[in-house]
Structure formats: C-alpha cells, structure tokens
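Worksheet for the structure shown next.
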Amino acid sequence: MSPTLERRISEQRARVLVRSLDYRQRRHASGVWFRLRRVLADAGAAFVIPEDEARTLIAEGHRAEPVGQELEPPKLIVMASSARIAQIASAQPVPMRLGGELLSAACLALTPFEETA
Amino acid sequence: MTFRDRLLATIRAARPVLEHPGVLVVGSEVPNLLEPGAAATLVVSQDLDIGVPVDGHAAVKRRLPELRLHFRPSPDEPSVWTPRSSGMLEVNFVGMDPTLDPADAYVLEDDQLPLLVFGALSLVAPGAEIDISGTRIRVPRPAGLLLEKLVTDRTGEKGDRDLLVALGLLMTANPADLDELDGAYRRLRPELRHTVRSNLTLLSLIEARPGMPDPRPRRDAVAALLRRLETGDEGLP
Chain A
0 MSPTLERRIS EQRARVLVRS LDYRQRRHAS GVWFRLRRVL ADAGAAFVIP EDEARTLIAE
60 GHRAEPVGQE LEPPKLIVMA SSARIAQIAS AQPVPMRLGG ELLSAACLAL TPFEETA
Chain B
0 MTFRDRLLAT IRAARPVLEH PGVLVVGSEV PNLLEPGAAA TLVVSQDLDI GVPVDGHAAV
60 KRRLPELRLH FRPSPDEPSV WTPRSSGMLE VNFVGMDPTL DPADAYVLED DQLPLLVFGA
120 LSLVAPGAEI DISGTRIRVP RPAGLLLEKL VTDRTGEKGD RDLLVALGLL MTANPADLDE
180 LDGAYRRLRP ELRHTVRSNL TLLSLIEARP GMPDPRPRRD AVAALLRRLE TGDEGLP
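Taken in sequence, the protein lines are chains A and B. Numbered by numbering that gives the first Met the number 0, the letters in the first sequence go through residues 0 to 116 in order. Numbered by numbering that gives the first Met the number 0, the letters in the second sequence go through residues 0 to 236 in order.
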C-alpha cells in the first residue's frame, strides 16, 4: 500500500474512533455542544438581553433551555416570540453562528422560525 | 480559461472511464454539474471524484490506457491521476462497495489503480445520466449523495464547504428525494444518525462564504429536515 493511502485510511479510522467516542459521550458534558447547536438550529434569530429581562421572560412562562445551565459560565437561554422580544428595548440581535457575540452572552433570547418568517 | 472550462475538458478527457457502466461522478463537483448548463459556480476543490464500483474495478482498469494521453498517475498516490495540461483538473478515483458499512473504509490494493473504498459511498446509488458537452456521465441519486455528505465527519474549511454543498443538494431536492433520504437515514445505525443530525446543526450555524450557497436564508429548511429526521427516533440526542 502506498504511504499516502496508508495515511488516509489511518486518518479515516481515527475519525471513526473519535466519532464513536463523541457518540458515547453525547449525554455527558462533552455532548453539550451538540445540544447547544440543536437548540440554536431551531431558532430563527438570537438576541442578547439583560438578565432581569431574561428572568422576566422565564417568570412569564417562556421556556428556559436546559443546555444553557450546562455551560460554564452558565447562560440563560430563553425561547420567546419575536413580538415579545420587540418589547425589550435593549435586546441586541446577534448573528446565528457559534461566534464570540453569541457565545459570550450571559443571557440569550431565541425566536422560533415561525415568528421570524 | 475558467474553472468550468477545465471541469468540462476533464470530463471529455476522462470519457472512456466516465461512460463505463457503473461508474459515477461523485463528490462536490456533482452540484456544479447539475447547475443549469453545468455552470459550476460553487467554489470547491480542483478535482473530479470518480466512483468506481469494486466489482467493476477490473473493467475500469482496462480503460485506463485511454486516459494516459491526458493524465498520468500521481507517484505519491496512484489513485489520483494528474493532468498533463493545466487546462484540466486532477481525477481522483474512489471505490464504491455497496456491502461496506458506512463508517468503514479499506484499500483495494492494485499495482495500477489502488482504490480507497469509503463506506459512506455505499449510501450512493446510480441516478440520472446527464450529457456534459457530449459525454454521458452518471451522477448519484440526490438522496444518497446528500446522506453521504451528512454522514461523513466534517471539520475545518473543507468540512464547512462540503456541508454547504449538502445545502445546495438539499435546496434542489424534491419531496420524493426527501422521502428517500428519510428512509435511508432510518436504516442507519444510531451513531450514524447522530452524525447526520450533528452535521445538520453545524450546517445551520455556518457562516456564509463567497461562491457557495448562503446558509442563512435556508436555516428554516435545515431545521425542518432535522425535525423530520428526529420524528419517531427514540432516545435522542
């Protein structure tokens, strides 16, 4: 076998091993990134909001996503309608990608696609 | 000379192999070739992946002398044939074995044409035959090609671009293609189904890139596919 093919097959097998490890750990701490992405994938838009506004939303019965508490430091991630978020004057939209703006936010409000379409 | 010119010249030069029964054009050039007029607007790597069924390997090998006018095997990797002219692309031969587990891979040893056989390509089935400047090539059915893209681990810039190619396939898939994708997904074992869903979440959050489909206005379609695949799947994540 050529060294190149040997290297490629070795890399492929290594990727499979890592994937199997990731899969076995999916319910544990390292699976948090998948769970976070899964929540974000269902959101049409994301906004950074102040903590008091996030707690108000939760008190109103809006859903707090458990994955936020699995991060360190923890985040409050709340799903709410775009109409409700529009009432929060200080809400700042952030791009829907795993970038610094989204990841550094202590409190995030997410709006579903149906509300943003 | 444009990238499209080079792609089409490569297809013409590789015609003896590409028109052989069972051979498929696979990989990221497929969406480029499926664009109207094979417009090839997506920015992908500069090679043409040729899928060779392992049970047709010997027959394809017999056609290789006809390619030597335009290509030569790479001394570093004999499954890659490099063009003799800058007006063409590399061709990369890969093996397809329908009996192989999608997570597995092996090397089909051969002194002339060794093949790296990727299990993910076992998900790919022959689809439409299309005419590219007089060469009849066969491309995979969209569902299998899309699933192959999603079941493979994707990292880094190339991984993101491969996922954006998957997005392009998703955007052109019709309801029957999605039904077929759904059925094939459910036949995967749980670990691979998880990989598919994980790649869809990555796709949902990828930044836009020049020369590739913009994922942002399509995120709702990605979310809808995720929800569809999760329906009835017990024990998630």
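Built from N, CA and C at the ideal position, the CB exists for glycine as well.
Check whether residue i and residue j have beta carbons under 8 Å apart
i: R140 of chain B; j: A124 of chain B; result: yes
i: T9 of chain B; j: L88 of chain B; result: yes
i: M0 of chain A; j: A42 of chain A; result: no
i: D48 of chain B; j: V79 of chain B; result: no
i: L228 of chain B; j: D176 of chain B; result: no
i: E34 of chain A; j: V77 of chain A; result: Just to set this straight, residue 34 of chain A is Arg in the shown sequence, not Glu. Contact: no.
i: E11 of chain B; j: S85 of chain B; result: First, the residue type needs correcting, since residue 11 of chain B is Arg and not Glu in the sequence shown. Going by C-beta atoms, R11 of chain B is not nearer than 8 Å to S85 of chain B.
One or two residues paired with residue i in a DSSP bridge
i: G50 of chain B; result: B:L23, B:V93
i: Y105 of chain B; result: B:V116
i: L109 of chain A; result: A:A45, A:M78
i: I136 of chain B; result: B:I129
i: R62 of chain A; result: A:M78
Alpha helix (DSSP H) segment containing residue i, residue limits
i: R67 of chain B; result: Careful: R67 of chain B lies outside any alpha helix (DSSP H) and carries neither H nor E.
i: M170 of chain B; result: 155-171
i: L199 of chain B; result: 189-203
i: P174 of chain B; result: 174-185
i: L225 of chain B; result: 218-229
i: P295 of chain B; result: Since the first and last residues shown for chain B are 0 and 236, residue 295 of chain B lies out of range.
i: L235 of chain B; result: Unbroken run through L235 of chain B: none, as it is neither H nor E.
i: E28 of chain B; result: 28-33
N- and C-terminal bounds of the beta strand (DSSP E) containing residue i
i: E128 of chain B; result: 125-131
i: I76 of chain A; result: 75-78
i: V59 of chain B; result: Premise fails: V59 of chain B lies in the alpha helix (DSSP H), 56-62, not in any beta strand (DSSP E).
i: V93 of chain A; result: 91-93
i: T98 of chain B; result: Note, T98 of chain B: premise wrong, no beta strand (DSSP E); not H, not E.
i: P82 of chain B; result: 79-82
Neighbouring residues, chain A, relative to residue i (Cβ below 8 Å)
i: R218 of chain B; result: A40, G43, M95, F112
i: E190 of chain B; result: R18, S19, Y22
i: A165 of chain B; result: Under the 8 Å cutoff, chain A gives no residues; its nearest Cβ is about 14 Å from A165 of chain B.
Neighbouring residues, chain A, relative to residue i (Cβ below 7 Å)
i: H193 of chain B; result: Y22, R25
i: V221 of chain B; result: A40
i: V106 of chain B; result: M0, L4, I8
i: P209 of chain B; result: Within 7 Å Cβ-Cβ: nothing; P209 of chain B doesn't reach chain A, min ~16 Å.
Cβ separation of residue i and residue j, assumed to be a contact under 8 Å, to the nearest whole Å
i: L166 of chain B; j: L202 of chain B; result: 6 Å
i: A119 of chain B; j: V150 of chain B; result: 5 Å
i: V31 of chain A; j: L4 of chain A; result: At roughly 37 Å, the Cβ-Cβ gap does not stay under 8 Å, so V31 of chain A and L4 of chain A are not in contact.
Within chain A, the residues that residue i reaches when beta carbons sit closer than 9 Å
i: D75 of chain B; result: S1, P2, T3
i: P113 of chain B; result: M0, S1, L4
Chain-ordered neighbours of residue i on chain B, where CB pairs are closer than 9 Å
i: F33 of chain A; result: H193, R196, S197, T200, P236
Chain B contact residues for residue i, given Cβ-Cβ distances below 7 Å
i: V15 of chain A; result: A102
Proximal residues of chain D, C-beta to C-beta of residue i below 7 Å
i: Q11 of chain A; result: Of the protein chains in this structure, namely A and B, none is chain D.
Cross-chain neighbours of residue i in chain B, by beta carbon under 8 Å
i: R36 of chain A; result: S197, T200, L201, S203, L204
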